[in-house]
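As you go down the protein sequences, you meet chains A and B in turn.
Numbering of the first sequence is given in the numbering used here, commencing with residue -5 and proceeding in unit increments.
Numbering of the second sequence is given in the numbering used here, commencing with residue -5 and proceeding in unit increments.
Glycine included, each C-beta is placed from N, C-alpha and C at the ideal position.
Predicted model, so just to flag it, every value in this text is computed and none were measured.
Report on one structure; see the data block that follows.
2 protein chains.
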Amino acid sequence: MTDADERTGYPPELRTLLDGRWRDIRELAREKLRGELFRPVAGLGMEEHRERVLEQLRTIAATEMAGHGFSADYGGKDDVGGSVVAFEMLVCDLSLMVKVGVQWGLFGGAIQALGTERHHAAYLPRVMSMELPGCFAMTETGHGSDVQGLRTTAEYDPATEEFVVTTPDDAARKDYIGNAARDGRMAVVFAQLITQGTGHGVHALLVPIRDADGSPMPGVRIADCGPKAGLNGVDNGRIWFDSVRVPREALLNRYADVAPDGTYSSPIDSDNRRFFTMLGTLVRGRISVAGGAGSATKAALAIAVKYAAVRRQFDRPDTGEEVALLDYRAHQRRLLPALARTYALHFAQEELVSTLHERHSGEGTGGSDERGQRELEARAAGIKALSTWHATRTIQTCREACGGAGYLEENRLPQLKADTDVFTTFEGDNTVLLQLVAKGLLTDYRQEFGDLDPLGMARFAAGQFLGAVIERTAARSLIERLVSAAPGRGDESDLYDRGWQLRLLEDREKHVLDGLARRLRRAGSSGSDAFEVFNAAQPHVLSAARAHMERVVLEAFVAAIDRCSDKETRDLLDRVCDLFVLSAVEEDRAWFLEHERLTATRAKTVTQQVDRLCAQLSPRAEALVDAFGLPDEWLAAPIALGEEERRRSGQRAAARR
Amino acid sequence: MTDADERTGYPPELRTLLDGRWRDIRELAREKLRGELFRPVAGLGMEEHRERVLEQLRTIAATEMAGHGFSADYGGKDDVGGSVVAFEMLVCDLSLMVKVGVQWGLFGGAIQALGTERHHAAYLPRVMSMELPGCFAMTETGHGSDVQGLRTTAEYDPATEEFVVTTPDDAARKDYIGNAARDGRMAVVFAQLITQGTGHGVHALLVPIRDADGSPMPGVRIADCGPKAGLNGVDNGRIWFDSVRVPREALLNRYADVAPDGTYSSPIDSDNRRFFTMLGTLVRGRISVAGGAGSATKAALAIAVKYAAVRRQFDRPDTGEEVALLDYRAHQRRLLPALARTYALHFAQEELVSTLHERHSGEGTGGSDERGQRELEARAAGIKALSTWHATRTIQTCREACGGAGYLEENRLPQLKADTDVFTTFEGDNTVLLQLVAKGLLTDYRQEFGDLDPLGMARFAAGQFLGAVIERTAARSLIERLVSAAPGRGDESDLYDRGWQLRLLEDREKHVLDGLARRLRRAGSSGSDAFEVFNAAQPHVLSAARAHMERVVLEAFVAAIDRCSDKETRDLLDRVCDLFVLSAVEEDRAWFLEHERLTATRAKTVTQQVDRLCAQLSPRAEALVDAFGLPDEWLAAPIALGEEERRRSGQRAAARR
């Protein structure tokens, strides 16, 4: 091995493990998404960018990279997990990623999940081929997180057997809708369904929004959201409906239908339960966003780590040589714990995608029971929140770590930052999502999951909560064994003992959750000040969700290491996992100290060991980012692809003259 | 008072206090920077944006808003403090702010500070009028933070009495230079001065880079840096010099000169000391950046707070009314501690600007002694780092707090985020700057300040460090009195006791600094592994600087409250100050626990009191942001200026129908 190999070479099994179950889809994307059309480009105007992304999307639609998520009956591949992985591979331009998500994930996904055969046959082939570009018109200006509060109406008129879709006022216009401003021809519109004078809650209908020439349909008004922080290759828009009539059959009627005479029927009695069942089928969107955030984070880290390995600044006093940024402890501290967490989240994501896939294909033990579905939804919400916040924070750090060069569009970090910024917001605001996670834990999935409304929790969640039960999600028996073999709490045992680490995070989760339940129980009993009790506990709610998710992520990491048979890979991943856990413990060490889980001395030792792991892993950092398998053409940043090295050789040559 | 007044009204003295010593300049800017030309606009193309900013700059140059920082002898106002305040008022477009900073602060400022009468007379009037747009060509691609490592050369040729300026290779090209890509005609170029075969370190010369037609001068090559994350109204570029000859008089010769025969002379013997004296005169740039970051933070908070006060989501169970975002504890937690810290940094900035101003005008006690200058430089470095990191974090939070609306350019947050992102990098990378602060504390300003090189610290800093001495910077006697009246350490005294708060932060600073000195002393004694010792201590170095700066900021806040005679204003500011201190303590409570400065119980109480203060202050949040006095035209964001309220009335009207 040359020096460069030492630095960049990684054990082959590491790549295999990271590529995971859908490695073929990853390899295909690496091979196909190349050349001029898929090269990341900086500084495009908005219209130019939209045009380019549409062309990219059409190109992909014509290849075997499309159709993963759709029924084989209509030309798809029945591979839901594959559709998520294919989405996350669109790193070359996140506008393309999001546009794909809108077309196939949200628009097509809603037709697939909420529609019935008549919709599938009529539309899915044209959705897949991009002949029918479409929108997912859920969010309104006035109601984003609170989906049950949507105010667009779809009132059934038995005289003509049509629904009349209406936007009552500007607060109820559809907003931020991808594909709306320019390309979309049809929209899945979420509206309050009214028939025979009775409202039945939010349902979805197919509404044509533009004719074949691209002009808005009668009664439909469309406006452009205009320039955004990023994702300007996606044409987000606003839509108003002025008594727009669509046939009765436009209702996506898997979970509810309206008879010609206007009679409403549904296999699910409760409006609330039906609503959340419908929403639940759309869980893939959140999982996809988490995966996309992960990809962007990996790209940013790859750029920053590769630059830090060759960029040198300030002389080392003993040698007179300039020191590589990656050799500075402060720089290691910025990049390496973030890299370790990126690995952890990668494995948690892989596990989540598998769970989703198995529920869809009826494989595995998940089955189709409601409890399993609720667990999946909560997990998806939690991973989405963790991964997107991690992306925001890490890409920011990477930009700063690359200094002025990181501020230039040519080095991709600005675009990655701006594009992912809204990931913490769309497909569910992260703060709201974490409340959903906590609620799921408190109700232990036994009750109707109900209500996105965070206050709903205070109303009934804690009433019959009997105490936190840690339900392991991955490699149950292995983790059980590790935990029981670990030395007891309070012992000054080895910080590197995996069982001790697991137990530490479990114990935190249990304690935070039990405390939260005690607090909220007061809300259930005290009537009118329920809101105040809930509100005061809100930061506690968010901590509980974070503590839970961090434990779940660690278990996924431990399970992934266990799947790995190559010793070199295991050893490397063991160190990365140690860095993930110990830096997580360090970050929250105030909690461990306040609750006497760590002594002051031991907390300081944690900090020292994080330092030590950073130093140990920094020579392997480049190998660790290379193992993500992001082709140079996607990274695109000159500073990460030899430009800095070329300049340094120029400098060395000049110095010899 | 109506409800709206209650929410938005603030005591008049609060505005007076915030506007401070240079209130006339602030008022003038509010009055003049209006109308179509100064309206923030979204989605401009790069060239269009540059053109607009140039026009804005020329317009300002023709008014009484220009010239603050220049000698009255040449048409300026001899008001250095005023120049910083005028800069920070350019909130309508941060590209304009930065372009002003380049032209008058860096380019003009270098001529003023490093040049002599011949340069002043020849150029300053044309710099002020924008007849001569110019560049500050210090940074090279290969050397940014390490300014002493610059590699451009200026070799004196006695035969023609000229300097020959040369870029030896691509690593030494000037990079990220504002005004270079399009508008600049001349540059202050920093280069290694060589005469009679001897190098004398980095000096600055005036080099014409474009002729009257705007074509590059012979031997000068200029390239555009291209699109950046933000600040695209500033034309950053790269410059190469191929044996460009400039007359001997082009050397800015306040601190060093070269005689016609090539003899070098300087009033300062040591190359190192001379270099840092020269750099020190440029301290205003860092102070300005801190002020600019503060302004952007205020604008972002004003937008997010005003939106949160009217945006409602999810019903309150007892009333059925939707709840305003600002009433949610989690939302208060995101915005209010950030707002409190913004106040604290504002007062620290005002104090810093006054110190700078007094040193320049010879007022006050600072005098012109070297120690005072070094203190000022360290303070400027620290405030710049704290303020710009605070801006990055807070503007990010504000974007997220506004959800999808915060992602639209029309609501200004994307531009504020993207524009300020590089503030943590330019005028000194924050990590390097904090090392400078720590070094200043260890050497207690008694030694030559020397070396931007962070390793320099390990070489000599800790050798004769006798223990941290807390030197108070503001309202010395008041703070002395408060601290001595506070109950002793370890007591369960009132968390709201200002003396206790001050002492807590002092004590942390002293402890961290003493520990650091002990660590680094080993580096001084152990020779070859000095780098390793320094490197291992780097996170400790950064903590020491942060602890110091946070104490300084608190003292400035306390001093500002003391200047205030209106009881209502004092009471309000006292609560804001409590929130600043207690949230700072909360954030670093792991340290206080580890070092037994707080018990676990007391640490939990700190968290509870931060919650309580958030709840107390949230009804006053809008008044607190209004007091910043940012005109609506500068905020520009529809969501902060009544659009959301209009939509809600539409919704209410629809509900009544």
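Neighbour flag for residue i against chain A, beta carbons, 8 angstroms
i	result
Pro331(B)	no
Leu629(B)	no
Met132(B)	no
Phe420(B)	yes
Pro408(B)	yes
Lys411(B)	yes
Asp654(B)	Residue coverage of chain B in this structure runs from -5 to 651, which leaves residue 654(B) outside it and unanswerable.
Arg232(B)	no
Chain-ordered neighbours of residue i on chain A, where CB pairs are closer than 9 angstroms
i	result
Leu587(B)	Arg583, Ala584, Leu587, Glu588, Ala594, Ala597
Tyr258(B)	Near Tyr258(B) there are no residues of chain A at all, since even the closest Cβ is about 23 angstroms away, more than 9 angstroms.
Residues that residue i bridges to, as DSSP identifies them
i	result
Asp218(A)	Gly231(A)
Asp309(A)	Glu316(A)
Ser260(A)	The partner list for Ser260(A) (beta bridge, DSSP) is empty, contrary to what the question assumes.
Arg204(A)	Pro210(A)
Ala524(A)	DSSP lists no partner for Ala524(A).
Asp251(A)	Ser259(A)
Asp556(A)	DSSP, once it has assigned bridges, lists no residue as partnering Asp556(A).
Reduced DSSP category for residue i - H, G, I as helix; E, B as strand; rest coil
i	result
Ala462(A)	coil
Leu402(B)	strand
Gly14(A)	helix
Gly434(B)	helix
Pro241(B)	strand
Leu199(B)	strand
Thr133(B)	coil
Ala56(A)	coil
Glu369(A)	helix
Leu187(B)	strand
Ala181(B)	strand
Lys168(B)	strand
Arg642(A)	helix
Contact with chain B by residue i, beta-carbon distance below 8 angstroms
i	result
Ser612(A)	no
Tyr301(A)	no
Ser282(A)	no
Glu45(A)	no
Ala287(A)	no
Asp605(A)	yes
Ala648(A)	yes
Arg327(A)	yes
Contact set between residue i and chain B, taken where Cβ atoms lie within less than 8 angstroms
i	result
Thr388(A)	Within chain B, no residue comes near Thr388(A); the closest Cβ sits about 13 angstroms away, beyond 8 angstroms.
Ala538(A)	Residues of chain B passing the Cβ test: none, with the nearest at roughly 13 angstroms.
Arg641(A)	Thr135, Gly136, Asp163, Asp164, Ala165
Proximal residues of chain A, C-beta to C-beta of residue i below 8 angstroms
i	result
Glu403(B)	Gly220, Pro221, Lys222, Ala223
Gly138(B)	Gln307, Gly397, Gly398
Contacts that residue i makes with chain B (C-beta to C-beta distance below 9 angstroms)
i	result
Tyr322(A)	Thr425, Pro448, Asn529, Gln532
Gln645(A)	Gly136, Arg145, Pro162, Asp163, Asp164, Ala165, Ala166
Cross-chain neighbours of residue i in chain B, by beta carbon under 7 angstroms
i	result
Arg393(A)	Asp415
Proximal chain A residues relative to residue i, where beta-carbon distance stays under 7 angstroms
i	result
Ala181(B)	Correct list: empty, because the minimum Cβ distance to chain A is about 17 angstroms.
| task | Please name the residues in the region 521 to 534 of chain B whose beta-carbon is closer than 7 angstroms to at least one beta-carbon of chain A, in chain order. | result | Correct list: Ser522, Ala524, Phe525, Asn529, Ala530, Gln532, Pro533.
| According to a CB-to-CB cut-off of less than 7 angstroms, which residues of the region 146 to 165 of chain A neighbour chain B? | Within the region 146 to 165 of chain A, the qualifying residues are Pro162, Asp163, Asp164, Ala165.
| said: Using a Cβ-Cβ cutoff of 8 angstroms, what residues of the region 26 to 41 of chain B are near chain A? List them in chain order. | reply: Here the close residues are Ala36, Gly37, Gly39, Met40.
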